[in-house]
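Using the working numbering, the letters of the sequence shown correspond one by one to residues 135 to 306.
By construction, the Cβ of each residue, glycine as well, lies at the ideal position given by its N, Cα and C atoms.
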Amino acid sequence: MKKIKLLLGFGYLGFVILSFIVGFEPGQKIAGNFISFSIQMLKILPCAFILIGLFEVWVKKETVEKHLGAESGIRGYIWSILLAGTTVGGLYVAFPVAYSLFRKGAQLGVIFAYISASAICRIPMTIFEASFLGLKFSIIRLLVSLPLIIVGSMLLGNHLERKRYQISEGAG
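Below is the structure:
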């Protein structure tokens, strides 16, 4: 698997270099997009990982279990959606936070709700959306999306818990 990743990396690098040599514009744009994306990631991820590290140290496992664990009920889903609404950085940040929540005892369904809400219910994104598409559209979208997130997350979480699904520590 490592050889395949290395081969793909060198293949990409060769493609980009060749694109600049022969003036292949799509290849040059791909390289520009990759650099732009990498810079954006370097701006967001270090701060996000510092905050996640602080979360790991400062927030007690008992607190997460109480508010987001198996006994939290519907409140856990509401808390996860509220937490997701304030998440900055989108899914780049949401997945590491979700893993941290899992390690601290959050219920799988609640974690799925957090990830889903991080993708579509962030406050800055909703404000931006409302300014272009209108407040009515944004409210209707949220009123339709939130119940679907909760129900879908509950179903998926319950299904995986019945199957005794486990996330391995070496995942990734």
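Per-residue burial, residue i [other beta carbons within 10 Å of its own, 16 or more giving buried]
i	result
F246	buried
L289	exposed
I215	buried
T197	exposed
I184	exposed
K170	Rather than Lys, the amino acid found at residue 170 in this sequence is Ser. Exposed, because fewer than 16 other Cβ atoms sit within 10 Å of the Cβ of S170.
L287	It should be pointed out that residue 287 corresponds to Ser in this sequence rather than to Leu. So S287 ends up on the buried side.
I273	exposed
I249	buried
Distance between beta carbons of residue j and residue i, contact taken as under 8 Å
i	j	result
E295	L242	6 Å
A182	G145	About 30 Å separates the two Cβ atoms, so there is no contact after all.
L193	K136	The identity of residue 193 in the sequence shown is Val, whereas the question assumes Leu. Contact flag wrong, Cβ pair sits at about 36 Å.
Proximal residues to residue i (C-beta, below 8 Å), its chain only, five neighbours per side dropped
i	result
I301	Y233 and F236
F154	G161, Q162 and A165
L276	C255 and T260
W213	H201, L202, S206 and V244
I151	none
S279	I254 and C255
F158	L152
K139	none
N292	G243
Residues of its chain near residue i, where Cβ-Cβ distance is below 7 Å and the 5 sequence neighbours each way are ignored
i	result
G219	A251, C255, R256 and I257
E190	S234
I284	Y211 and A247
CA nearest to the CA of residue i, picked from the options
i	options	result
L176	V231, S287, V227 and W213	V227
L217	A253, K195, G187 and F183	A253
L179	R298, K137, P230 and G239	P230
I186	L267, T221, P281 and L142	T221
K195	L267, A240, S172 and G291	A240
Close beta carbons around residue i, own chain, < 6 Å, minus the five adjacent residues each side
i	result
Q174	none
E263	S272
V156	none
Would you call the segment 149–168 and the segment 199–219 touching, i.e. three or more CB-CB distances under 8 Å?
no
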